[in-house]
Amino acid sequence: MKKMLLTATAIVAVGAFALTGCSSERGGDTGGSGEETAKGFAADATIGVALPDKTSENWVLAGKLFEDGLAEAGFKADVQYAPASNTVAEQQNQIQAMVTNGAKVIIIGAKDGKQLATQVQAAKDAGATVIAYDRLIENTEAVDYYAAFDNFKVGNLQGQALLDGLAERAGHEAPYNIELFSGSPDDANSAVFFDGAMEVLQPKIDDGTLKVVSGQTEIAQTATEGWLAENAQNRMDTILTGSYSGDTVLDGVLSPNDTLARAIITSVQQAGKPVPVVTGQDSEVESVKSIMEGVQYSTINKDTSLLVAQAIKMVQQLQKGEEVEVNDTESYDNGAKVVPAYLLDPVIVTKENAAEAYANVPSLLEIVKSYQ
Ligand code: BGC
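In this note's numbering, the protein residues as written are 9 to 380.
This is how it looks when you write it as structure tokens:
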């Protein structure tokens, strides 16, 4: 994925949008299915939504929001989750069933973005439009659109938050001892988050400001299989034993999301060591509380309701045979094509700006206020 160009691309895309008044793509590819998409479909058509296993709160919320939002828009919603076991095969079966049942649009939060090419091709062949939701689907031309938060920017914000947190909380001058964690290797987002963070952190590692004491800086060494908390906790335990015995202090940890952040913090606490600066993502309730208590340092607000609303808007545009609005046509190369994307803006959240960041998220704002 050519994510390094994202910031510049996004600016160009916004500029183009301002000049032309719209930046959009004709629904579907050229050929038979594209024709059908451009003509629209019945206002009460079935829309399939295939979500991965519930590895974080955002996925739980997305299912409910899709059920309600699609029904409100007049569609029949078929929302399925991949179960925690046999996840890839089950998601493949679920998508195939949606195709067979005549879904006009299939929205997919991929369990494993590299293993859905056959199913999304079947969807295209049946005349359906495929929208990748939050996670890109890779190595296939049969994915039409991508709706996501700007994942590279998420990584940038996490890297910067780690630096800011260290300056604020480490209690000493650089060098700072840090460790790096990344997400599940089967999720296309994991590398994008990591690359975004490393764009900020690598120069500081190179100039000696940051020291990765374990020496584990390659993404493969930092990966957390299945986004599972226990895997992050075990890896942190091992690193603490191997690299932080005696007086060596761990100052900071790059964590790609909140579930893993809390597991990392638990590991450090169980080892009887001071809690380092730990980043996160998703604004999960327990992490927002932890941030307000001064434990976890940061998270990211990716308001799920906005992303679901954007995906449903795409469905409505397709239904009417209108052009589908996108704001990025350069960044997300899935290995077979550049997938036209609508990217939303993620927001960094620390204790300091939490009330402002959650001004439009009543449930989280209430938590923040209860600490003030
Ligand atoms: C999402 C993150 C989430 C992770 C684990 C990623 O694809 O973008 O928000 O933390 O999956 O569920």
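Backbone N, C-alpha and C fix where the C-beta goes; we use that ideal spot for every residue, glycine too.
Item, Value
"K310 Cβ short of 7 angstroms to ligand 1 heavy atom set", "yes"
"Beta-carbon gap between K47 and G329 smaller than 8 angstroms", "yes"
"Short Cβ contact (8 angstroms threshold) for E146 with A111", "no"
"Sequence-distant residues of the same chain with beta carbon closer than 7 angstroms to D259, five excluded per side", "L174, A178, Y184, N185, I186, P284 and V285"
"Inter-stretch contact (C-beta, 8 angstroms, three-pair minimum) for the stretch 55 to 69 and the stretch 79 to 92", "yes"
"At least three beta-carbon pairs within less than 8 angstroms, the stretch 308 to 328 to the stretch 348 to 368", "yes"
"Inside the stretch 101 to 133 only - alpha helix (DSSP H) runs reaching at least 4 residues", "125 to 133"
"S190 burial status per 10 Å Cβ neighbour count (16 or more: buried)", "buried"
"Reduced DSSP secondary structure (H/G/I, E/B, other) of D341", "strand"
"Residue span of the beta strand (DSSP E) that contains S306, given as start and end", "S306 to N309"
"Limits of the unbroken beta strand (DSSP E) element including G56", "T54 to L59"
"Of the residues V221, P264, E176 and T54, the one placed nearest G302, counting alpha carbons only", "E176"
"Delimiting residues of the alpha helix (DSSP H) encompassing I213", "A196 to D214"
"Buried versus exposed, by CB contacts within 10 Å (16 or more), N94", "exposed"
"Extent of the continuous beta strand (DSSP E) run through D86", "K84 to Y89"
"Short Cβ contact (8 angstroms threshold) for G288 with S306", "yes"
"Close beta carbons around A130, own chain, < 7 angstroms, minus the five adjacent residues each side", "Q104 and V107"
"Bridge partner(s) assigned by DSSP for G260", "I186 and V285"
"Close beta carbons around I273, own chain, < 7 angstroms, minus the five adjacent residues each side", "V283, V286, V303 and Q304"
"Beta-carbon proximity list for S32, same chain, < 8 angstroms, skipping 5 on both sides", "Caution is warranted here: a pLDDT of 41 is assigned to S32, below 50, making its placement in the model unreliable, and the coordinate value is therefore given only provisionally. Cβ within range, chain order: E331, V332, E333 and V334."
"Residues near S263 by beta carbon distance below 6 angstroms, same chain, minus five either side", "F189, A269, I272, V286, T287 and G288"
"Cβ-heavy atom distance, G71 to ligand 1, below 7 angstroms", "no"
"Straight-line Cα distance separating K310 from E292", "10 angstroms"
"Cβ pair A51, G77 closer than 8 angstroms", "no"
"Proximity test, S64 beta-carbon vs ligand 1 heavy atom, cut-off 7 angstroms", "yes"
"Close-in-space but distant-in-sequence residues of the same chain around A134 (CB under 7 angstroms, 5 per side omitted)", "V107"
"Residue(s) in a DSSP beta bridge with F157", "L352"
"V138: first and last residue of the uninterrupted beta strand (DSSP E) it sits in", "T137 to Y141"
"Environment of A140 [buried if 16+ CB atoms lie within 10 Å]", "buried"
"For V346, three-class secondary structure by DSSP", "strand"
"Short Cβ contact (8 angstroms threshold) for N239 with E207", "no"
"Alpha carbon of I356 to alpha carbon of F201, nearest angstrom", "14 angstroms"
"Residue from D120, A365, F160 and S64 whose Cα sits closest to the Cα of A97", "D120"
"Simplified DSSP assignment, three categories, for E75", "helix"
"Close-in-space but distant-in-sequence residues of the same chain around K297 (CB under 7 angstroms, 5 per side omitted)", "I375"
"Identified DSSP bridge partners for V220", "I186"
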